[in-house]
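Written out below as structure tokens is the structure these notes cover.
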Amino acid sequence: MNTVTTLPLPRRRTSRHRLGSTLRTVAIAVVLAVLLLPIVWMVLASLRTTLDIVDPQRFLTAGFTLDNYRGVLSRYNFSPFIANSFLIAFASTLIALVVGAPAAFAISRFHVRNATAFLMLARVLPGVSLLVPWFFLFSTLGVVGGYPVLIGTHVFVTLPFVVAVMAGFFTSLPEELEESAQVDGLTRAGAFLRITLPLSVPGLATSAILAFIFSWNNFLFALVLSSQQTRTLPVAISNFTAYASVDWGGLMAAAVVITLPVILVALVAQKYVVSGLAAGATKG
């Protein structure tokens, strides 16, 4: 006679809970490994010589050195490239906020349908498709290589995202606040500047942080439209490659120098970015 044995209900639930917890832990470990392994390897490689990097056995046993960082800051003179990246990212972010916040307010309050979707469509266009007409236009005007050209093209990268995030934030704020301010004598523009804008500081901070990161990481526009005097950090990395040789140690140190500000900004502003995106997404 066959007998069927079944686990008690609480025991089966405990087994499922353990299985689910194990799967979640494995999934998180895989994601962290995929995300962090290249960064960890990059940092370790930046602290070793090029000979140690290309030899796997020496890579694991070699000591640490800061020569690559000294080379980046002295021999390759990275300071101007760092200053250029900060200047262009800061200026393009500021312009995107000044132009994008009023535009987002108008889109939100006048209920302009599909406006943010249209702007984001412009954001996802391949950058290379814009370079040819831009390069022809700027070359004709004789302004290729100048800061205004680079800042203007980076605004094209940051502005759609600022408008999309801020439109969601403004929609989350009740219009009655502005109507009350207008009853008290403010104009619509005054109500926007004195009431709505101060209440949107989390959204402005989120937009500014992400816009700065997008501009800081942009490589394509600076590669084609910059000059030696306006070259940014991502483009300057090409100095570490030459015909039949690559300075891997210097290249890794330069990559760390480029990545470090972005990681620091992301860690410091993590909670603001997450809460800002969540508020804009759920209330927009």
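Numbering (full-length UniProt numbering), first residue to last: 1 to 284. We put the beta carbon where it would ideally sit given N, CA and C, even for glycine. For clarity, every value in this text was computed on a predicted model and none was experimentally measured.
The shortest C-alpha to C-alpha distance from L204 to any of G63, F161, R75 is the one to F161.
For T65, same chain residues with a beta-carbon under 7 Å away, outside a window of 5 residues either side, are L47, R48, T49 in chain order. Note that the C-beta distance between L150 and F221 is below 9 Å.
The beta carbon of A122 sits closer than 8 Å to the beta carbons of F156, P160 from its chain, once the five residues preceding and following it are set aside; these are given in chain order.
Under the 8 Å Cβ criterion, the segment 224-232 does not count as touching the segment 169-180, having fewer than three qualifying pairs.
By a beta-carbon distance limit of 8 Å, F170 contacts T196. Their separation comes to about 7 Å. The beta carbon of S215 lies closer than 7 Å to those of I88, A89, S92, T93, H154, V157, T158 in the same chain, with the five residues before and after it left out. F59 is positioned such that its CB atom lies closer than 9 Å to that of L44. Within a 10 Å sphere around the beta-carbon of T14 sit fewer than 16 other beta-carbons, which makes this residue exposed. With a contact defined as Cβ atoms closer than 8 Å, A255 and M120 miss out at about 29 Å. For the set A266, M252, M166, P261, the Cα lying nearest the Cα of S108 is the one of M166. Nearest C-alpha to G100 among A27, A208, V268, N218: A208. Assigned with DSSP and collapsed to three states, G145 falls in strand.
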